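Here is the structure we will look at, set down as structure tokens.
In my numbering, the protein residues as written are 27 to 594.
Okay, here's the thing in structure tokens:
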């Protein structure tokens, strides 16, 4: 889990207040090359100017060309200039200086002002581009008024050029904003698609997606509700540190109910602020996913959800809408205010990830169906190859027991052997019945099953085994069937590699993890045995997304501790 968390954090930089500083490197290099082309065009125009303004204008353009070349070199190296937000303002100031030194003899300098607007909008958003366009139009108009004339055209006619910058600037900024959003959407989706693999299952896909989106949008809380066909709703939670867990119990039920109230076709942004630090102000914005038209249909459900989570700023939207029960995604932040743009970006990303989530659910169901069919086949084979020979063995032992009288010294041993054979035959029948029925529900009798296993081990090998496990411990049959081989392997290791005459098995639950502890006395409290690793048990635990470790700190005892997540 830690590795995937680090990977997600490395590959998806946060896109909140610093979203503009994380543009695609290729796009940044393109902008740097365009700046060099602007400098070349301006230099060509400056050389063609006649009069006293030609030399200073050419020198000013030459200085700008050096500046543009330096920025291009920095982007090629992958470095960022100092105070990058000032670069479009410097571009606009240089071009305005050209126009002033050229005595406003060229209209090209005025049109070149649209390029700083483009740079600012692509790099830092619509507002930055709009401010640069207003600044450029105002200064250009002031220059024309000071000069009084633009060649033979009265300055009133020449004012059309600053007005064109004033009109075209916001248009360019708006188009650039749309391009930035599409670029960010494609970048985030592409990186996420490279990390998720539907073959890993729904849980791994949900964890990777939620962790990456929570980091990218600088959220303090992330929730993803997956309710795929033929399955129960699963709710995953991610905190600000990137730790993902699957919720259960009352919290799971209440959140599933609250998220289910949200409309299946509306994305919503909800924000709670305070005027003068006291008066609460609520901001709500929603839009229909298909038509992009504003909608307030989700307002009551969003307000209820915000109160339940004590959310400051929140985005909530449906995902995987082709499923019978629309899944939901929610991000909440206490230090960032989400806007409709963030919801639109998130929706675009999830539209590309939804097929991956649905495919993961489909593959998981196909895998479970294949496993059920295979279990049924193995059950039939066991019935033919194991149970029938055991029946013959049982009948043979019973016949032998009838031939031996009570005074025979082997009478007691034969009857004990007959009881063992009957018990094993009963266990085999239960195993075959469970495999052929492919039951996957909860099994609350794991404690009793472990005690039967411990009793049989004690009778066969003379090692006393105690079991501590709640009788009502809820655990799935799939996980219980995986724990039995671990216990058997551990008891076998105790019998083979130690002289212990007693072992203790303890199975419990801590938070969202099942903890299995198997202990035995090693007999020497002063000189404990060397540290070792039971490889087979470690591999079994890791296959369940858990871990196993040997603890020798308790004097005179060896403790094997296996931790397995509930969601395994």
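Where is the CB? At the ideal position from N, CA and C, for every residue including glycine. Every value quoted in this text rests on a predicted model; they were computed, and no experiment measured them.
Beta-carbon proximity check, residue i vs residue j, cutoff 8 Å
i, j, result
"residue 476", "residue 419", "no"
"residue 272", "residue 281", "no"
"residue 324", "residue 289", "yes"
"residue 328", "residue 310", "yes"
"residue 567", "residue 544", "no"
"residue 587", "residue 512", "no"
"residue 389", "residue 259", "no"
"residue 191", "residue 232", "no"
"residue 591", "residue 574", "no"
"residue 196", "residue 156", "yes"
"residue 384", "residue 346", "yes"
"residue 382", "residue 219", "yes"
"residue 509", "residue 542", "yes"
"residue 340", "residue 373", "no"
"residue 154", "residue 57", "no"
"residue 491", "residue 484", "yes"
"residue 295", "residue 399", "no"
"residue 275", "residue 292", "no"
"residue 213", "residue 222", "no"
"residue 518", "residue 589", "no"
"residue 584", "residue 555", "yes"
"residue 332", "residue 371", "no"
"residue 480", "residue 531", "yes"
"residue 244", "residue 362", "yes"
Sheet register partners of residue i (DSSP bridge)
i, result
"residue 596", "For residue 596 there is no data in the structure shown, the boundaries of the chain being 27 and 594."
"residue 432", "Beta-bridge pairing links residue 432 to no other residue."
"residue 540", "535 and 590"
"residue 81", "Partner(s): none; residue 81 has no beta bridge."
"residue 312", "294"
"residue 598", "Since the displayed the chain opens at 27 and closes at 594, residue 598 lies outside it and no answer follows."
"residue 573", "589"
"residue 320", "313"
Own chain partners of residue i with C-beta closer than 8 Å, once the 5 adjacent residues on each side are dropped
i, result
"residue 444", "420, 423, 424 and 427"
"residue 256", "391"
"residue 61", "94, 97, 98, 117, 141 and 145"
"residue 161", "115 and 118"
"residue 526", "489, 520, 546, 547, 548 and 549"
"residue 330", "284 and 287"
"residue 499", "470, 472, 473, 533, 534 and 535"
"residue 446", "482, 485 and 486"
Neighbourhood of residue i by C-beta distance below 6 Å, restricted to the same chain and skipping five residues each side
i, result
"residue 264", "236, 237, 240, 248 and 270"
"residue 469", "A caution first: residue 469 carries a pLDDT of 44, below 50, which makes its placement in the model unreliable, though a value can still be read off. Closer than 6 Å at Cβ, skipping near neighbours: 503 and 506."
"residue 356", "249 and 342"
"residue 120", "90"
"residue 47", "Its pLDDT being 40, under 50, residue 47 is placed unreliably in this model, and the coordinates cannot settle the point."
"residue 580", "none"
"residue 110", "none"
"residue 101", "54, 55 and 58"
"residue 437", "430"
Residues near residue i by beta carbon distance below 7 Å, same chain, minus five either side
i, result
"residue 360", "246 and 338"
"residue 278", "261"
"residue 88", "69"
"residue 59", "98"
Run of the beta strand (DSSP E) containing residue i, from where it starts to where it stops
i, result
"residue 560", "Per DSSP, residue 560 belongs to no beta strand (DSSP E) and is neither H nor E."
"residue 287", "Run containing residue 287: none; DSSP gives neither H nor E here."
"residue 357", "353 to 359"
"residue 146", "Unbroken run through residue 146 is the alpha helix (DSSP H), 140 to 150; no beta strand (DSSP E)."
Residue i, enclosing alpha helix (DSSP H) - first and last residue
i, result
"residue 127", "113 to 127"
"residue 493", "Not the alpha helix (DSSP H): residue 493 falls in the beta strand (DSSP E), residues 490 to 494."
"residue 484", "472 to 487"
"residue 344", "Element bounds for residue 344: not the alpha helix (DSSP H) but the beta strand (DSSP E), 339 to 345."
"residue 522", "503 to 523"
"residue 110", "Residue 110 -> no alpha helix (DSSP H), and no H or E assigned at all."
"residue 331", "325 to 335"
"residue 556", "Run containing residue 556: none; DSSP gives neither H nor E here."
"residue 363", "No alpha helix (DSSP H) contains residue 363, which DSSP labels as neither H nor E."
"residue 237", "228 to 242"
Inter-stretch contact (C-beta, 8 Å, three-pair minimum) for the segment 107 to 125 and the segment 77 to 96: yes
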